[in-house]
Amino acid sequence: MATLHVLSHSPFTDGRLASCLRVLGPEDGLLLCGDAVYALADASALRHPRLYALEEDVQARAVVAKAAVEVVDYPAFVALTLTYAKVNSWL
Amino acid sequence: MKFAIAVFAPAHAPASRRALRFAQAVLAEGHEIVRLFFYQDGVHSASANVVFPQDESDIAAQWHTFIQQAQLDAVVCIAAALRRGVLDEQEAGRYGRPAANLPEPWVLSGLGQLHEAAQAADRLVSFGGV
């Protein structure tokens, strides 16, 4: 059963991203929002095939995505939560 | 599809804004919100006494308007709210506090409401942190 993981903390302030990547299954999705989109600046750290980022947060921070990522707006965010069986937010 | 949305962040945190935009998109896409549940510091998103600077989005007011217009079931955790000074008229009276800051349509209730909403919904989506 695939899970959509939602991350909003910057990878530079804590270990949530590293912890998340450790438990991420091959079928799971990872959605970056808030300061977590800064993780896109380092493509080597993010080689997950189902990687998403919230459009307004990418734009607000002027992050140039180096990793292969699908940028989603809020309607697409809603659709993503239905694509996966569960949603796990890293609060 | 049916959504339950849990908010753990106060109105001034970006997570509260994301939760609001997500909830608006859920309805706009033709889905249903069975319940909004405000927990921990999320209870501050329900306070009527939050004042934002004029050049910032008033997320607390936008929550209130959204919930009223969409006639949503918006539950605020009573234990989390009382310890943070978010009180409705009844609780302010019960504990002898000078003012209430939780107007309708917000409702104070227990954590069981989150559990029930999670059971009734197809998806539970939580927003918190930053």
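If you read the sequences in order, they're chains B and E. Just so you know, numbering that gives the first Met the number 0 puts 28 at position 29 of the first sequence, and the rest follows in order with no gaps. Just so you know, numbering that gives the first Met the number 0 puts 104 at position 105 of the second sequence, and the rest follows in order with no gaps. In this text, a Cβ means the ideal position worked out from N, Cα and C, and glycines have one as well.
- Going by C-alpha positions, residue 93(E) is about 31 Å away from residue 69(E).
- Contact of residue 74(B) with chain E is assigned, a C-beta pair being separated by under 8 Å.
- Three or more beta-carbon pairs separated by less than 8 Å link the stretch 105 to 114 of chain E to the stretch 36 to 55 of chain E, which places the two stretches in contact.
- Residue 84(E) is positioned such that its CB atom lies no closer than 8 Å to that of residue 7(E).
- Note on geometry: alpha-carbon atoms of residue 15(B) and residue 8(B) lie some 7 Å from one another.
- Contacts between residue 25(E) and chain B, judged by CB atoms closer than 8 Å, involve 77 in chain order.
- Annotation for residue 79(B): the continuous alpha helix (DSSP H) segment containing it runs 73 to 82.
- Chain E places no beta carbon closer than 8 Å to that of residue 28(B), leaving this residue out of the contacts.
- In the displayed model, residue 18(B) falls within a helix according to three-state DSSP.
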